[in-house]
Amino acid sequence: MQRKTGRFLATFLPSVLLIVAALVFSAGINLGTFRRDCGDALFSTFSVAGRKVVTSIEYAVKYGKTIDNFFGMERALNQLRTYLPQADGVAVALPNGQIAYAIGTYGFKDRAGDRLSGYEQRRTTEEFKRNASFNYHDTDNRSYELYLAIRDPSDGRWIGTLMIAASDSVIDEYVRAFERHTLILVGTLGAAAILLLGGLALLPERGRGGLGRPRSGRAALAVAALVQIAVGVTGYGAFSDAYLRTVENTTGIVENIVATDIGSVIGRGATYHTFSGIDDYFREIIGIVPHFKGMSLAVPEGADLSGSLGSGQPAAKGDLVTGRALATDADFVTPTLRIVIDSDFIQRNMLEVVANNVTILIISLMFIYELHAFVSRRMRPTVETVTETEAVVAGADAAAATGRSLAGLRFLTFVLYFGMFLSASFVPVIMQTFDSGLFGLAPPQAAAIPVSVEMLCGALAILLAGRISARLPWRTMTAAGLAVAVLGAVVSGMTGDPLLFIVARGLVGAGTMTALMGLYRLIDRIRRIDPATGAYSDLFSGMYVGVNCGAVVGSLLADAIGPHAVFLIAAVVLTLGIGQLLLLTPEPAGAAAIAAAAPAVADAKPDGDTAPARRVWSDGSFLAFLLLVSVPTSACSMFLIYYFPLFASGLGQPASTVGQAFLLYGLCIVYLGPLLSRLMRSSNLSPGLPVLASGLIMAAGLTTFALTGSLVGAFLAILLLGLSDSFGLTAQQRYLERLPVVGTHGLAVPQSYHLNARKIGQVIGPMLFSAAAVAGGAGATLIGLGLAAALLLHLGLSVLALRRRPFMAKTA
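So that you can map any letter, position 444 of the sequence shown is 1596 in this note's numbering, and since no number is skipped, the others follow by simple counting.
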């Protein structure tokens, strides 16, 4: 009875906790998305008032005034604050970052200082090349900031920036009701999940008839799916209603501005009959506020007014129409301002909510499955019956110990890559947030350095670990690597210096690869006891699920709490990995079995001992494989890790978009990979053809992106990259195993060179794509064509080599 209770607590309790954590995480992401959308809606209405001030400044500049010596600027900014009482302050800055004028609260003035930060200067310079305004959430200062470009009317030259800031508390007023509703929903569904899992646990064991308690892991997955779907369906309706109310409330700001403008004109004796150009005025506002579909003046029946009284499109079914009575003129005409809010725009915004909920559902199911696999494999009973011989009992105990080691290996790999990839979606972007630049490099080039350094240090760590692995226990190597990665993650989250950030990313790269090499040594120990073990399958399964979960969760968290906090969370996750390594990952089959296996291994000669005294590099086919296949394909795969985060950020996409791209790529690897790899093994194709096909698909993906230059084209390229790598990585391994160099030097040495060649490609990749970012679409096209040319050249060299080596032709 006590044993069954222990198994219940060890299996169902973590599942319940994880389901509740998934619900809280889902609610937090929905709240973060709602907060961001509310901020966008609010600041689009702020832009209407800000554009009035910008227009007046540009009009004065047209007649000789200058920004840095502008009499009456304070009066214009104070007028802006009367329009926007929610704002903490407003300021005008010059293109060099110097703040010429600032009014507002003491906190705003202290935060603004005398100059814009280095990040704000670079961001305004880049954004104003393509947009008239932009806003972003400053998570460090807990404020929202809107920037509008001021241009010289004579030549369109950027001459200044109008900045409007508001604290997070302004958005809190709009979010509070939705937040309360969401928390009640999560609490209710969480309680239902606990009761459901508890009820399933109380059912009797499944008998031969198939009735009774279902398997705990499947039950947890089913309950998690049902609860997440319920959150998504109910949350969608609540989000839509709350967002619609928020848009309606923020529209009141525009109504007040328009009413004030029209009232000032009517107050000077004008009548609506004499109005002209009001349609242009409305058209300008509609262009600024994206959710406005139309604006018009509705006049009472019998009023004879000339000219157009509106702009935009009429209200359609589902659109929201607001009304506001305006000032009465001398003819006693009192029109109503009507604004049509576009329901289609709101529905398009809701698609992101749906995408986030589906993403969280997939990730939570992956996470629950990994936890269930770890717990269930650790809890498998050993042989306890006395009727068995001692040898059988010992063998069963050894098998159980090895099973626990494999369970620890898989989950530890998952934790390692989960912590490593939490920051994958924004490491290139965060390089642009530092106040100081990096050696005068262009932003895309500076963004490439931390990624390249991380990969380079990882490659060096692999080389060093290969030399010291014989002298260090696998557990010590893994723990040391995790500790170094923790240090790097902490420094990444706390530093404000770009050079120190690059060093920190190097520590993360070196630490994680050292830990991974330690896990490879654990696999070697397991294979001494069980040569037919599926340890590599466990390793790669944990690896790819960790990549998916880490990239997606990190991107969603970055939108909600900021990237610096995510680095610290990554440090906590890696620290938990150290705890799991020391407490929950045992030796494969006990010390006695390892000692017994060691002499046999020591007596056996490695593959390379029978090889001629000839260097690996002297084999031309192997060298061509490294230079024309391993390096180029791994370099091109950095499109997702380095280039896409920068591209998506430049389009104003949230970090969650990058996480969804990682998920798309990872699903191709996890689900298409095994299927396509089996098809390749069962076919009679030459090993070189899948390698060629994989590379050409990758080149086609890059070329597709270069030709479209859009977000859809980028996702299509990532889909093709995932399809390529799903069978391409395995195809490269199979091709390597059939090269002549393996027959002369064994597999271990060539395989290590292949892994390091791929690491070198990952170092080169960000540099190539940074140059492509500067060159535009043509750069990505050249990279894709270069990859295709390298693969075709390798194919030609391979055919030539096979003709010279009949034996190789026969085996291949």
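Glycine residues also receive a C-beta, built at the ideal position from the N, C-alpha and C atoms. Quick caveat: nothing in here was measured; it's all calculated off a predicted structure.
At the level of alpha carbons, what is the spacing between residue i and residue j?
{"i": "A1631", "j": "V1783", "result": "30 angstroms"}
{"i": "G1475", "j": "N1408", "result": "12 angstroms"}
{"i": "P1902", "j": "E1278", "result": "46 angstroms"}
{"i": "S1319", "j": "T1276", "result": "20 angstroms"}
{"i": "V1699", "j": "H1524", "result": "18 angstroms"}
{"i": "V1417", "j": "E1400", "result": "26 angstroms"}
{"i": "V1492", "j": "T1480", "result": "22 angstroms"}
{"i": "I1414", "j": "F1497", "result": "28 angstroms"}
{"i": "S1463", "j": "F1444", "result": "11 angstroms"}
{"i": "F1774", "j": "G1618", "result": "20 angstroms"}
{"i": "A1717", "j": "D1711", "result": "11 angstroms"}
{"i": "R1188", "j": "S1269", "result": "23 angstroms"}
{"i": "L1708", "j": "A1813", "result": "12 angstroms"}
{"i": "F1484", "j": "I1438", "result": "28 angstroms"}
{"i": "E1297", "j": "M1832", "result": "54 angstroms"}
{"i": "I1793", "j": "P1602", "result": "12 angstroms"}
{"i": "M1502", "j": "S1178", "result": "15 angstroms"}
Please return the same chain residues whose Cβ sits closer than 7 angstroms to the Cβ of residue i, not counting the five positions on each side in sequence.
{"i": "L1175", "result": "V1338, L1341, G1342, V1379, V1383"}
{"i": "T1554", "result": "I1678, I1681, D1682, P1740, A1741"}
{"i": "A1776", "result": "H1946, L1949"}
{"i": "E1331", "result": "L1183"}
{"i": "F1919", "result": "The question names Phe, but residue 1919 in the sequence shown is Met. Counting only Cβ-Cβ distances below 7 angstroms, and skipping sequence neighbours, we find A1600, S1604."}
{"i": "R1203", "result": "L1300, I1440"}
{"i": "A1744", "result": "Residue placement at A1744 cannot be trusted, given a pLDDT of 45 that sits under 50; what the coordinates show is reported in the next sentence. Here the set comprises nothing."}
{"i": "R1623", "result": "none"}
{"i": "G1180", "result": "A1712"}
Who are the near neighbours of residue i in its chain, counting only those whose CB is closer than 6 angstroms to its CB and skipping five residues on each side?
{"i": "I1515", "result": "C1701, V1704"}
{"i": "S1876", "result": "S1846, I1849, M1850"}
{"i": "N1509", "result": "G1384"}
{"i": "I1311", "result": "I1219, I1302, D1304"}
{"i": "R1556", "result": "R1530, P1738"}
{"i": "N1248", "result": "none"}
{"i": "L1608", "result": "V1915"}
{"i": "T1882", "result": "S1829"}
For the alpha helix (DSSP H) containing residue i, list its first residue and its last residue.
{"i": "W1310", "result": "First-last for W1310: 1310-1319, but that is the beta strand (DSSP E), not the alpha helix (DSSP H)."}
{"i": "R1227", "result": "1225-1235"}
{"i": "S1786", "result": "1783-1788"}
{"i": "S1693", "result": "1687-1713"}
{"i": "S1773", "result": "1772-1777"}
{"i": "F1867", "result": "1863-1889"}
{"i": "E1739", "result": "Where E1739 is concerned, there is no enclosing alpha helix (DSSP H), given that its DSSP letter is neither H nor E."}
{"i": "S1282", "result": "For the sequence presented, residue 1282 should be read as Arg rather than Ser. That residue, R1282, is in no alpha helix (DSSP H); it is neither H nor E in DSSP."}
{"i": "S1808", "result": "1807-1819"}
{"i": "H2012", "result": "Any question about residue 2012 goes unanswered here, given that the chain covers just 1153 to 1964."}
{"i": "I1430", "result": "1430-1440"}
{"i": "I1582", "result": "1579-1582"}
{"i": "L1798", "result": "1796-1802"}
What does residue i pair with, by DSSP beta-bridge criteria?
{"i": "L1608", "result": "Answer is none; L1608 lacks a bridge partner."}
{"i": "V1485", "result": "BP columns for V1485 are empty, so no partner."}
{"i": "V1242", "result": "I1255, I1316"}
{"i": "A1477", "result": "T1488"}
{"i": "I1849", "result": "I1849 is not bridged to any residue."}
{"i": "A1301", "result": "T1313"}
{"i": "T1218", "result": "N1221"}
{"i": "G1342", "result": "DSSP, once it has assigned bridges, lists no residue as partnering G1342."}
{"i": "M1646", "result": "In the DSSP output, where bridge partners are listed per residue, M1646 has none listed."}
{"i": "M1447", "result": "S1463, I1491"}
{"i": "S1295", "result": "D1290, S1319"}
Report all residues from its chain with a CB closer than 8 angstroms to the CB of residue i; omit the five preceding and five following residues, and keep chain order.
{"i": "A1641", "result": "G1571, S1575, A1656, V1660, F1719, L1720, A1722, A1723, L1726"}
{"i": "A1869", "result": "F1791, G1853, L1854, T1856, F1857"}
{"i": "V1506", "result": "G1384, Y1388"}
Would you mind reading off the limits of the beta strand (DSSP E) that contains residue i?
{"i": "G1464", "result": "1462-1464"}
{"i": "F1286", "result": "1285-1290"}
CB of residue i to nearest heavy atom of the ligand FMN: below 7 angstroms?
{"i": "D1682", "result": "Absence of the ligand FMN from the depicted structure is noted, as is the absence of any ligand whatsoever, leaving it without description."}
Does the pairing of the stretch 1553-1572 with the stretch 1688-1699 give three or more beta-carbon distances under 8 angstroms? yes
For the stretch 1830-1848 against the stretch 1883-1902, do three or more pairs of beta-carbon atoms, one drawn from each stretch, fall closer than 8 angstroms, so that the two count as touching? yes
For the 8 angstroms Cβ check, are there 3 or more pairs between the stretch 1625-1643 and the stretch 1811-1828? no
Determine contact between the stretch 1904-1919 and the stretch 1785-1799, defined as no fewer than three beta-carbon pairs at a distance below 8 angstroms. yes
Please confirm if the stretch 1221-1229 is in contact with the stretch 1253-1268, defined as three or more CB-CB distances below 8 angstroms between the two stretches. yes
Quick test of the definition: if touching needs 3 or more C-beta pairs under 8 angstroms, does the stretch 1277-1291 touch the stretch 1791-1801? no
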